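Colleague: Here it is, the structure in full.
Protein chains: 2
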Amino acid sequence: MELRQLKYFLKAKELLNFTEAAAALYISQSTLSQQIKQLEDELQVPLFNRIGKRITLTEAGELFSVYAQQSVNKASDGLQLLKDLNKLETGKIAIGVTYALRHVVTKALILFSSEYPKIQFEIIFGTSQELIQKLNHFQLDVILTFEEIASEAHFKYLELFTSPMALVTSSETSLKNKKTISLEEISMLPLAMPAGGFSTTQFISRAFEKSNLHPKVTIEINDIPTLLELIKTGKWHTILTKTTIEDEKDLYAIPIKGENMTRTAMLISLKEVYEKKAVKAFLKILMENLK
Amino acid sequence: MELRQLKYFLKAKELLNFTEAAAALYISQSTLSQQIKQLEDELQVPLFNRIGKRITLTEAGELFSVYAQQSVNKASDGLQLLKDLNKLETGKIAIGVTYALRHVVTKALILFSSEYPKIQFEIIFGTSQELIQKLNHFQLDVILTFEEIASEAHFKYLELFTSPMALVTSSETSLKNKKTISLEEISMLPLAMPAGGFSTTQFISRAFEKSNLHPKVTIEINDIPTLLELIKTGKWHTILTKTTIEDEKDLYAIPIKGENMTRTAMLISLKEVYEKKAVKAFLKILMENLK
DNA sequence: TATAATCAATCGATAAAACCGATTTATAAA
DNA sequence: TTTATAAATCGGTTTTATCGATTGATTATA
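Protein chains in written order, with my numbering: chain A, -13 to 277; chain B, -13 to 277.
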């Protein structure tokens, strides 16, 4: 059993197609076939069912894949550790962010990369669910989002700050004199809201339901910059965490009255995975510059 | 990076001698040298310091070894899982036992091996400390001992039963009419005790200290069967958990008066390691036959 | 201080293993 | 039935893990 074979197996498991897996691994299909067979011979159990020209995982393959993945991960964690030791001159940071926290990341990013210019970044925007899924698949090092309801045991959580939910309107609004606003008042206004996948939207729609109110949502949209463009016209309003429009001068935020109308920004990462030195340094800078 | 290289590296780390490590791995010293060098080239950092003809681990080697070990372990856990699936027709169980719990294991062993005759056993008797150390080095699957003071985070503990501390004497003893006995009475008697490494001895000597008593220990010995032989002569007495002499008909146990004079038998194993199916089955039988 | 013993590195040669392209076999789709 | 597709197999090539012998450097010992 060698790491090479485990990697081949995992790619074949992922794609469930030897030909494609071989291509993805830059080896020939015959090599992949042979190496899988050799692994199966050593393990004395088939990992794949060959149903005609299709393949599916056997129970053994399913169970074994967990350990294969962990073995490969531990080896690459070790490699990463050594690269990190090499003075942060190499490394890649993959961060997931919900749009609301955009400015937190960009600010830290600018500061960090002037200090460590060689570190590569991959910034992924998405809904909390999308990001959590990516984190679970080891595609992200850390995600930055508002609190999730289900706190999972294999995650590490770190609270950053709280931000009130707020009605967001154009700066030219007639509501500008108000310090706070109630859900009831909001339910009279024409609203444009982020699509249902966004945790903020789920959060606020539950709040409306509890109060037996029915907001006038005329637009749902899954792209926040576009949403903000619409709000700037003054024809619609929306509800977001105040943090979201931190850097937007054409928009105005009025905090919403009521308990539990604040959300907590959080860093979420995986327990039991080696934390890259570069990630640690980046988060340090991020937290030192929260405001 | 391949598992083969990681295994070579770990053996070299263990023995800190390439020639011996190569012999232990049944490969030539030149092969080991080359494979280590190749690994170091790939990791771009030396794992060993070559000081003359001696070698020591570098900081990088020390850090990396943790991940190398985990990678190798995960792979072999996966292999073990598949073997277990193969209907308990293969597998080896390594159990550590303190002598006091001997009969618990032997009883279960006899029952288990008539049901699963192909499973191999390795039974290691030793003091708690020795067994804990072996468990930490992955040399044992599970240990059976009396409670340890320091409960470590990476262990799983399972309580089995409690047993009173007792004065153990020959069956011909004049004390036979006593139902219980006090520490003070014991401190008048000539004692032969297990050596200081045994947890029972440590436990009982603390009890004497607290009561400001000085027992007359004339013999210390690190082999329990020999100790029991001496007790049978009637010239000495000793203190053990009652369980220890479960099957000894020539010996008689008088429970000791006082609070905290009972000990709890425990199964201890490592968290986060795949538990072999054979071990699970063995422990099931063991627990069903506690009495 | 000279000599022997020990140990890791290196060299050249060989056996083993990974790999490829072409072909075969089996199945699914047209 | 024909065609297309995918995995398995075959034969040959390249790569690489391995070995034994040797070297060079260090430590132990006579």
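Cβ atoms here follow ideal geometry from the backbone N, Cα and C, with glycine treated the same way.
Predicted, not measured: the structure shown is a model, and the values here were computed from it.
Is the beta carbon of B:ILE129 closer than 7 Å to that of B:LEU153?
Modeller: No. Outside cutoff.
Colleague: Between A:GLY47 and A:LYS(-1), which are expected to be in contact by the criterion C-beta below 8 Å, what is the C-beta distance as a whole number of angstroms?
Modeller: With 8 Å as the limit, A:GLY47 and A:LYS(-1) qualify as a contact, their Cβ atoms being about 7 Å apart.
Colleague: Would you mind telling me which residues of chain B sit closer than 7 Å to A:VAL265, beta carbon to beta carbon, in chain order?
Modeller: None at all; the shortest Cβ gap to chain B is about 17 Å.
Colleague: Counting along the chain, where does the alpha helix (DSSP H) carrying B:ALA10 start and finish?
Modeller: 4 to 10 is the extent of the alpha helix (DSSP H) around B:ALA10.
Colleague: DSSP has B:GLU145 in a bridge; who is on the other side?
Modeller: Beta-bridge pairing links B:GLU145 to B:MET252.
Colleague: For the region 62 to 73 of chain B and the region 259 to 277 of chain B, state whether three or more C-beta atom pairs, one from each stretch, are separated by less than 8 Å.
Modeller: Touching, yes.
Colleague: To which residues of the same chain is A:GLU26 closer than 7 Å at the C-beta, ignoring the five residues directly before and after it?
Modeller: Counting only Cβ-Cβ distances below 7 Å, and skipping sequence neighbours, we find PRO32 and LEU33.
Colleague: Report yes if the CB atom of B:PHE4 is closer than 7 Å to the CB atom of B:GLN21, and no otherwise.
Modeller: Their beta carbons are not under 7 Å apart, which means B:PHE4 does not touch B:GLN21 by this criterion.
Colleague: May I ask you to report which of helix, strand or coil DSSP gives A:LEU276?
Modeller: Looking at A:LEU276 - three-state DSSP - the assignment turns out to be coil, as it is neither helix nor strand.
Colleague: Near A:THR294, which residues of its chain fall below 6 Å by C-beta distance, leaving aside the five closest residues on each side in sequence?
Modeller: Outside the shown range of chain A, which is -13 to 277, sits residue 294 of chain A, and nothing can be said about it.
Colleague: Determine whether the Cβ of B:ALA46 lies closer than 7 Å to any Cβ atom of chain A.
Modeller: So, interface residue.
Colleague: From which residue to which residue does the alpha helix (DSSP H) around B:ALA54 run?
Modeller: From DSSP, the alpha helix (DSSP H) with B:ALA54 extends over 45 to 71.
Colleague: CA-CA distance, B:SER310 and B:THR250?
Modeller: What the structure shows of chain B is the stretch from -13 to 277, and residue 310 of chain B is not part of that stretch, so it cannot be assessed.
Colleague: Using a Cβ cut-off of 7 Å (strictly closer), state whether B:GLU234 contacts chain A.
Modeller: Closer than 7 Å: no.
Colleague: Should A:GLY77 and A:GLU158 be called a contact, given that it needs their Cβ atoms to be closer than 7 Å?
Modeller: In this structure, A:GLU158 does not lie closer than 7 Å to A:GLY77 by Cβ.
Colleague: Could you tell me whether the Cβ of A:ALA8 comes closer than 7 Å to any Cβ of chain B?
Modeller: Answer no: the Cβ-Cβ gap between A:ALA8 and chain B never drops below 7 Å.
Colleague: Using CA atoms only, rank isn't needed, just tell me which of A:ILE105, A:PRO103, A:ILE217 and A:VAL83 is closest to A:ILE118.
Modeller: Checking every option, the nearest Cα to that of A:ILE118 belongs to A:VAL83.
Colleague: Please classify A:SER114: does DSSP put it in a helix, a strand, or coil?
Modeller: Reduced to three states, the DSSP call for A:SER114 is helix.
Colleague: Do you know offhand how far B:TYR12's Cα is from A:ALA9's?
Modeller: The straight-line gap from Cα to Cα measures roughly 37 Å.
Colleague: Beta-carbon within less than 6 Å of B:PHE208's beta-carbon, same chain only, minus the 5 sequence neighbours each way: which residues are those?
Modeller: Residue identity check: residue 208 of chain B is Asn in the sequence provided, not Phe. The residues are ALA181.
Colleague: From B:PRO241 to B:LEU199, what does the alpha carbon distance come to, in whole angstroms?
Modeller: Distance between the alpha carbons of B:PRO241 and B:LEU199: 18 Å.
Colleague: Excluding five sequence neighbours on each side, which residues of the same chain lie with their C-beta closer than 7 Å to the C-beta of A:ILE190?
Modeller: Cβ within range, chain order: MET151 and ILE225.
Colleague: Can you name, in chain order, every residue of its own chain whose Cβ lies under 8 Å from the Cβ of A:THR166, other than the five neighbours on each side?
Modeller: Answer for A:THR166: ILE240, PRO241, ILE242 and LYS243, listed in chain order.
Colleague: Quick one: list the residues of chain B neighbouring A:MET(-13), beta-carbon separation under 8 Å, in chain order.
Modeller: In chain order: LEU(-11), ALA61 and LEU65.
Colleague: Which residues bound the beta strand (DSSP E) around A:TYR238?
Modeller: Counting along the chain, the beta strand (DSSP E) containing A:TYR238 begins and ends at 237 to 241.
Colleague: Going along the chain, which unbroken runs of the beta strand (DSSP E) with 3 or more residues stay wholly within the region 184 to 246 of chain A?
Modeller: As far as the region 184 to 246 of chain A is concerned, its whole beta strand (DSSP E) runs of at least 3 residues are 202 to 207, 224 to 227 and 237 to 241.
Colleague: Can you name, in chain order, every residue of its own chain whose Cβ lies under 6 Å from the Cβ of A:PHE111, other than the five neighbours on each side?
Modeller: Around A:PHE111: VAL83 and TYR85.
Colleague: Residue range of the beta strand (DSSP E) that B:THR343 falls in?
Modeller: Because chain B spans -13 through 277 in this model, residue 343 of chain B falls outside it and cannot be assessed.
Colleague: Figure out for me which residue from B:GLN125, B:ILE231, B:GLU215 and B:LYS(-3) has the closest Cα to the Cα of B:VAL259.
Modeller: It is B:GLN125.
Colleague: Is A:LYS257 closer than 7 Å to A:ASP236 when the C-beta atoms are compared?
Modeller: Contact: no.
Colleague: Confirm, please, whether the CB-CB distance from B:SER57 to A:LYS60 is below 7 Å.
Modeller: Taking 7 Å as the Cβ cut-off, A:LYS60 and B:SER57 qualify as a contacting pair.
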